[in-house]
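> Take a look at the following structure, please.
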Amino acid sequence: MAYVAVKGGERAIEAAHAWLAEERRGDPALPELSLAQIEAQLGLAVDRVMAEGACHDRGLAALAIKQARGDLIEAAFLLRAYRTTLPRFGASLPVETEAMRVRRRISATYKELPGGQVLGPTFDYTHRLLDFALAAEGGVPASAPEAPAGELSMPRVTGLLAQEGLMAPEQPSEAEPRDLTREPLDFPAERPLRLQALARGDEGFLLSLGYSTQRGYGNAHPFVGEIRMGAVMVEFEPPELGFPIDLGEITVTECQMVNQFAGSKTEPPQFTRGYGLVFGQGERKAMTMALVDRALRAAELGEPVEAPAQDQEFVLYHCDNVEATGFVEHLKLPHYVDFQSELEKIRLLRREAGGE
Amino acid sequence: MTALGYNFGYLDENTKRMIRRALLKAVAVPGHQVPFGAREMPLPYGWGTGGIAVTASVIGAGDRLKVIDQGADDTTNAVSIRRFFAKVAGVETTERTGEATIIQTRHRIPETRLREGQILVYQVPMPEPLFRLEPRVSETKRMHALADYGLMHVKLYEDIARHGHVAMSYNYPVLVGGRYLMSPSPIPAFDNPKMDRMPALQLFGAGREKRIYAVPPYTAVKSLDFEDHPFRPARADAPCALCGSRESYLDEVVVDDKGGRMFVCSDTDYCATRQTQREAAE
Amino acid sequence: MSGLTPGFADPVPDAQAWFRALLEAMARPGRIQRVAALPQAPAPLAPAAAAVLLTLADAETPVWMDAGPGAEEWLRFHAGCPLVAEPGAAGFLLAAGAMPELAALDAGTEEEPHRSATLILQVAGLETGRGWRLTGPGIGTEHRLSVEGLPGGFLAAWAANGRRFPRGIDLVLCAGDRLAALPRTTRIEGAG
C-alpha cells in the first residue's frame, strides 16, 4: 500500500484561520458588534479581561473580547501578549484608594460608619429572574436617582480598627517591590509579589480556593471589613520633573477582609488583613483575592501551613490562566513520538510478562 | 523594525539581553536550570514559547532556521513557528538539517549528526527532571545544589524491581557533565545518546516554567542506569517503509481499522534525503 | 555629552553578532572570536571589551570597572547600567588594569550558581594553537590558547575558582577586537 506523508500544514492553518474569522463574525445579516458596544454593555467582561490580562485599556480589552469571540481567557491572553511588547517608561506612584471617588462602598462589620454604606451598581439583592424585557431590546432604562453628595471622607474600616490597636499593622516599606513580569517567581515569595500574582490570577481558580478556606481548608474566619469600588487617580513622577503628574483616573475594586488571629508568643490577639485589589469592577475577584492573600500569610503569622490555599507554590504556580490554559491545551499538539516510545515499552513489558 | 512594527525577532532588546545573560550562565554551568523572566509570547505557553524566546534572542539575519515538531518540518506547530520567525526576523528557513544554523525542535533530535556551527534549541514543557517525584521547586532546587538525586535512583530501581526495566521511554533523565540531573525534554529515550558529546551547542527553553539550560558541545550526557541494567533505548523493530532505514526512529502509522500498520521515519528530512539518494542510485 | 563617542553603529544587529560571538566563545572555551562591527570606545577600553558590555549590561546589571571616568561616562550613557565601587557587588566587571581577585567576586550560591559575576579582562594578546592546554565542556579533545599579560598566580586562582563548582566566576578575555572565554568549567594545563 502506498503511503504519502500528510503535507500541507500551512494550507490547513490558513483555511482554519479563515473559518475562524467567519465564525467570529457570525451571520453577516446581523449588525457587527462595535468595540464601543462591548466596552459599554459588556463592561464587566472588559474589566475581567483587563485584570487577568494585566493591562488597563478598555478599548483594547473590548477588541480582545471581540477577536476572541467572547472567550475571556483567550482575550486576556491577547492582551498580555500585546502588553509585553510595550516599552516601559517607569512605575506609577501607589494609587490612593482612600481618596477614591467611590461608587460603591460597603462594610459587613459595621452597620453604620463614617461616609456611610453605598450600594452602587450591584447585582446584590436583584432577584435572578431572566428579564424578558431585555430580550425584547428593552430600550433605555430610567436613570437611577442620585443621592445628594454625602460626606466627602470615607475612612477605611481597617483604619478604624487600627486606631483601637485591634488591627495588626502592616509594615510599610519603601523598598522597590520585585516585578513578577520581569523576574520569575522565587520562593518564599514576598507579599508584594504574591499580590501581583493574585491580581493577575484566574478568577475561577481563586474563587474556588477562597471558598475552600471558608469550608475548613485553611481555618479562615473572614469578615468583609470593606469593599470599595470607584475611580482613583494614577500618578507618575518623571525623574526629570521631580513632582508627580496625573495620568488619569481608572476604576478599581478594593476588598479588605478582616480575619481573626489568635496571637502568638510575640503578638497579642488581634485582627489581620487579607487584601484584594483589581482593575475595574471586579468584586468577586477582589474578595477572593483577599481571602487567598490572608491564607498565604499563614507562614509569616506562624500558623500551620496545611491547606492548598496556604501553599505558596501551589497557589502562585497555578493561578495564572494564561500559563494554565497554554499548558493544558498543548496536549492537543502531536505527541506521537512519545506515544510511540510508550507503545514499544508497553509491548515489551507485556511480551516479557507473558513469556514468564 | 520589521514590517509588522515589532523589533527584529519580536522581543525587545531589554528582554533579549536578559535572556542572553541567562544563556551564557547556562552554558557556564552545564545542565543547571537558570530562571529567567519569561515574557508572554504571541503563541500560548506550552506551545514552544521557551524555545521561541531562546531562538529569538540568538537568531541573526545571517541564520538559516529549521523548525521541527515530532521530527517533521510539516507538522502544524512547526509550520506556525517557522512562519513566525520568517515574519518577525525575516530569516531564511530550511527543511534540510545539514543546511540549518539553528534548529528549533519539539520532541526529537534529528537523525543526521549535528556539527559545529549549529545550535539545537529544544522546546521544554517541564524543565525539572524531578517534578514527578517532588513537585516543589524550592525542594528540587536544594536537591540540585547538593547533587542529591537519590529520589530518581530509587524510582529507577523500583521500576526495575517491578517490571524488569526502567518504565520511562521518553523524557528519560540524564546526568550532564557528571554533575547535574537534567530533563532532555520529552524526546524519546532513543534520542538520548545523540546528546552525548554532540559537536553542536544545545540550548533548552522552558517559557511557562521560566527556565533556560544548556549543554555545551562535547559535553558528557549520560542516561541514568545501573551497571546490571544498562540504559537500553528502543525503536520499533522494523525498517522504514519509505526509505528502508533500520537506524532511524519510526512513527507507527495505522493504515486501516483491521490492525494494519506500517512504520515510517519520524525525521522527514532524513527520510526524504534517503529516498532521493535511493532513486538516484537506481 | 558632546565628547561621547558612539556605541554600536547599528545596535540591534551589532548586539546580536557580539552575543553570538560570546555564546560561541563560552561554548567553545579558548576559541578566539571576532566581529567586524566595533564600537568606538574611549581608551583604555578595548573594542571587544566595550562591545561585550554594550551587549550584556543594562539598568539591571551592576557593573564595576577600572577604566577611568571617560569610559564610565561612555558606558553609563550607552548601556544605562549602574556602576558600583565594590567588585563583590558587580554582575559584570571590566578590568583594564590589575585583575581583581577572583575569590573576592560574587561566585553565586550552590542553589543559584548563575547569580555569579562575569569578569571581562583586557589582556595584551590572545593566540590559539599554542600555549595552555584547555579541557572541559565545550572542548572535543583540547584547545590551545596563549594569553599575554596575565598576572602571576593566575593559574592557581583559576584552579581554586574551578574547585568551587557549581559556584564560580566566568572569564571573558579581550585583546583589541578579539575575545575568548573561559567558563568556570575549563581546566587549564601548561604555561600560557
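In order, the protein sequence lines correspond to chains U, Z and Y.
Quick note, our numbering runs 573 ahead of the 1-based positions in the first sequence.
Quick note, our numbering runs 6 ahead of the 1-based positions in the second sequence.
Quick note, our numbering runs 4 ahead of the 1-based positions in the third sequence.
Backbone N, C-alpha and C fix where the C-beta goes; we use that ideal spot for every residue, glycine too.
As the structure is a computational prediction, the values presented were derived from the model and not from experiment.
#1: Taking Cβ-Cβ distances shorter than 8 Å, what residues in chain Z pair up with U:A654?
#2: How is the alpha helix (DSSP H) around Y:S150 delimited, first residue to last?
#3: Examine chain Y for any beta-carbon lying closer than 7 Å to the beta-carbon of Z:R121, and answer yes or no.
#4: So which residues of chain U does Z:G77 contact, with C-beta pairs closer than 9 Å?
#5: Could you tell me the alpha carbon to alpha carbon distance between Z:P41 and U:E710, rounded to whole angstroms?
#6: Applying the 10 Å Cβ sphere with the 16-neighbour rule, what's the burial state of Y:R171?
#7: Among Z:Y163, Z:G211, Z:E215, Z:D197, which one has its Cα closest to the Cα of U:D759?
#8: Counting only the same chain and skipping the five closest in sequence on each side, list residues whose C-beta sits under 7 Å from that of Y:R188.
#9: Cβ atoms of U:L780 and U:T861: under 7 Å apart, would you say?
#10: Would you tell me roughly how many angstroms separate the C-alpha atoms of Z:T61 and Z:S191, rounded to the nearest one?
#11: May I have the straight-line CA-CA distance separating Y:E114 from Z:L152, to the nearest angstrom?
#12: Output needed for Z:D69: all residues of its chain with C-beta closer than 6 Å, excluding positions within five of it in sequence on either side, in chain order.
#13: When you compare only the Cα positions, how much space is there between Y:P86 and U:L766?
#14: Name, please, each residue of chain Y whose Cβ falls closer than 7 Å to the Cβ of Z:L29.
#15: Enumerate in chain order the residues of its own chain whose CB-to-CB distance from Y:L186 is below 6 Å, with the five nearest sequence positions on each side excluded.
#16: Going by DSSP in three states, U:E596 sits in which element: helix, strand or coil?
#17: What in chain U is Cβ-close to Z:H169, meaning under 7 Å?
#18: Checking contacts by CB at 7 Å: is U:R642 closer than that to chain Z?
#19: In the DSSP assignment, the alpha helix (DSSP H) including U:K838 goes from what residue to what residue?
#20: Nearest by alpha-carbon distance to Y:G74: which of Y:V151, Y:R148, Y:P10 is it?
#21: Find the nearest neighbour of U:G582 within the set Z:Y12, Z:D18, Z:D80, Z:V259, judged by alpha-carbon distance.
#22: Please say whether Z:V33 and Y:M30 have beta carbons closer to each other than 7 Å?
#23: Between Z:T279, Z:G77, Z:T55, which has its C-alpha nearest Z:D6's C-alpha?
#24: Indicate whether at least one CB of chain Y lies closer than 7 Å to the CB of Z:F137.
#25: Report buried or exposed for Y:L125, applying the criterion of at least 16 other Cβ atoms within 10 angstroms of its Cβ.
#26: Do three or more CB pairs link the region 148-158 of chain Y to the region 40-54 of chain Y at distances below 8 Å?
#27: Report all residues from its chain with a CB closer than 8 Å to the CB of Z:E140; omit the five preceding and five following residues, and keep chain order.
#28: According to DSSP, is Y:M5 part of a helix, a strand, or is it coil?
#29: Using a Cβ distance threshold of 8 Å, determine whether the region 876-887 of chain U contacts the region 83-99 of chain Z, with at least three qualifying pairs required.
#30: Following the continuous beta strand (DSSP E) through Y:W22, name the residue where it begins and the one where it ends.
#31: Can you name, in chain order, every residue of its own chain whose Cβ lies under 6 Å from the Cβ of Z:A212, other than the five neighbours on each side?
#32: Could you please give the first and the last residue of the uninterrupted alpha helix (DSSP H) stretch that includes Z:I25?
#33: Under 7 Å, Cβ to Cβ, is there at least one residue of chain Z near Y:V67?
#34: Got a sec? Which residues, its chain only, sit under 7 Å from U:A627 by beta carbon, not counting five neighbours each side?
#35: Nearest-angstrom Cα distance between Y:R38 and Y:L149?
#36: Along the region 103-119 of chain Z, where does the CB come closer than 8 Å to a CB of chain U? Name the residues.
Well, looking at it:
#1: E46, M47, P48
#2: It is not in any alpha helix (DSSP H) - Y:S150 instead sits in the beta strand (DSSP E) that spans 147-152.
#3: no
#4: V910
#5: 53 Å
#6: buried
#7: Z:E215
#8: N165, G166, F169, G172, I173, D174
#9: yes
#10: Looking at the two C-alpha atoms, the distance is approximately 16 Å.
#11: 8 Å
#12: V97, T107, I108
#13: 24 Å
#14: L27
#15: Cβ neighbours of Y:L186 beyond the five flanking positions: P33, L175.
#16: helix
#17: L922
#18: Using a Cβ-Cβ cut-off of 7 Å, U:R642 does not count as an interface residue toward chain Z, since no Cβ of chain Z sits closer than that to its own.
#19: Element bounds for U:K838: n/a, residue is neither H nor E.
#20: Per the Cα distances, Y:P10.
#21: Z:D80
#22: yes
#23: Because chain Z spans 7 through 288 in this model, residue 6 of chain Z falls outside it and cannot be assessed.
#24: False, the Cβ-Cβ gap to chain Y never drops below 7 Å.
#25: buried
#26: Judged by Cβ distances under 8 Å, the region 148-158 of chain Y makes no contact with the region 40-54 of chain Y, as fewer than three pairs qualify.
#27: So the qualifying residues of the chain are T146, M149, L157.
#28: For Y:M5, the predicted model reports a pLDDT of 45, less than 50, meaning its position is unreliable; a value from the coordinates is still stated below. Here Y:M5 sits in coil by DSSP.
#29: Cβ pair count under 8 Å is below three, so no.
#30: Counting along the chain, Y:W22 falls outside any beta strand (DSSP E), though it belongs to the alpha helix (DSSP H) covering 15-31.
#31: G56, V130, P133
#32: First-last of the alpha helix (DSSP H) with Z:I25: 19-34.
#33: no
#34: Answer for U:A627: R653, R656, R773, listed in chain order.
#35: 15 Å
#36: R112, H113, R114
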